[in-house]
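J.:
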Amino acid sequence: MPANPRTKRNPKDHTGNQKALLAEQHAEELAKRKGEIAMHQAQQKAGLDDPIALDDKGRTIQNVSEEVAAEGPVEIPPETVNIRIACDLEKVTIGQGTEFDFKEGQVYTVPLHVAQHLDRLGYVWQWL
Numbered sequence: 044m045p046a047n048p049r050t051k052r053n054p055k056d057h058t059g060n061q062k063a064l065l066a067e068q069h070a071e072e073l074a075k076r077k078g079e080i081a082m083h084q085a086q087q088k089a090g091l092d093d094p095i096a097l098d099d100k101g102r103t104i105q106n107v108s109e110e111v112a113a114e115g116p117v118e119i120p121p122e123t124v125n126i127r128i129a130c131d132l133e134k135v136t137i138g139q140g141t142e143f144d145f146k147e148g149q150v151y152t153v154p155l156h157v158a159q160h161l162d163r164l165g166y167v168w169q170w171l
């Protein structure tokens, strides 16, 4: 260390001393990490030249890998389902501005989210 008192580390500066000690201990690891960061930044810059496909509404079209495409089509749940209600319900509000009336034992065709909500509450007797 230099003999100049202004450049000499203060022995009471625990944080500065600890930082210098850790920097010496992990110098090799830090140099390796700097190389990884540089490689990552280079990959990001190279990716700027690849075109991104957009649909007519400006949304990104995602490419599907061959493995996923080979699995087959994705199953989409139905929009409406048939259920049988377990008890009489009057003026049930599910969602904004919607009211439903149900009679016990009657089969109803309802949107899926309505059936799931009633099932969580225990009002669905049977899914058909």
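Using my numbering, the first residue of the sequence shown is number 44, and each one after it goes up by one.
Even glycine gets a Cβ: it sits at the ideal position worked out from N, Cα and C.
In this text the structure is predicted, and so the values were computed from the model without any measurement.
1. Counting only beta-carbon separations shorter than 9 Å, does Asn60 have a partner in chain B?
2. Using alpha carbons as the reference points, say which of Ala85, Thr58, Trp168 and Ala113 lies closest to Gln149.
3. Do Trp170 and Asn106 have their beta-carbon atoms positioned less than 9 Å apart in this structure?
4. Straight-line CA distance for Gly140 to Pro116?
5. Confirm, please, whether the CB-CB distance from Glu118 to Leu155 is below 9 Å.
6. What are the partner residues of Arg163, as DSSP defines its beta bridges?
7. State buried or exposed for Ile80, treating a residue as buried only when at least 16 other CB atoms are found within 10 Å of its CB.
8. Could you check the C-alpha separation between Thr152 and Gly165 for me, to the nearest Å?
9. Consult DSSP for Glu133 and reduce its assignment to one of helix, strand or coil.
T.: Once the coordinates are examined:
1. The displayed structure is made up of one protein chain only, and chain B is not part of it.
2. The residue you call residue 149 lines up with position 106 of the sequence shown. Looking at the Cα atoms, Trp168 is the closest of the given residues.
3. Indexing the sequence shown from 1 puts residue 106 at position 63. Indexing the sequence shown from 1 puts residue 170 at position 127. Taking 9 Å as the Cβ cut-off, Asn106 and Trp170 do not qualify as a contacting pair.
4. Working through the sequence shown from its first residue, we reach residue 140 at position 97. Working through the sequence shown from its first residue, we reach residue 116 at position 73. Distance between Gly140 and Pro116, taken at the CA atoms: about 35 Å.
5. By 1-based counting over the sequence shown, the position of residue 155 is 112. By 1-based counting over the sequence shown, the position of residue 118 is 75. No. Outside cutoff.
6. Against the sequence shown, residue 163 aligns to sequence position 120. Per DSSP, none; premise fails for Arg163.
7. Taking the first residue of the sequence shown as 1, we reach residue 80 at position 37. Per the 10 Å Cβ criterion, exposed.
8. The residue you call residue 152 lines up with position 109 of the sequence shown. The residue you call residue 165 lines up with position 122 of the sequence shown. Here the C-alpha atom of Thr152 lies approximately 17 Å from the C-alpha atom of Gly165.
9. Here the question's residue 133 lines up with position 90 in the sequence shown. Strand.
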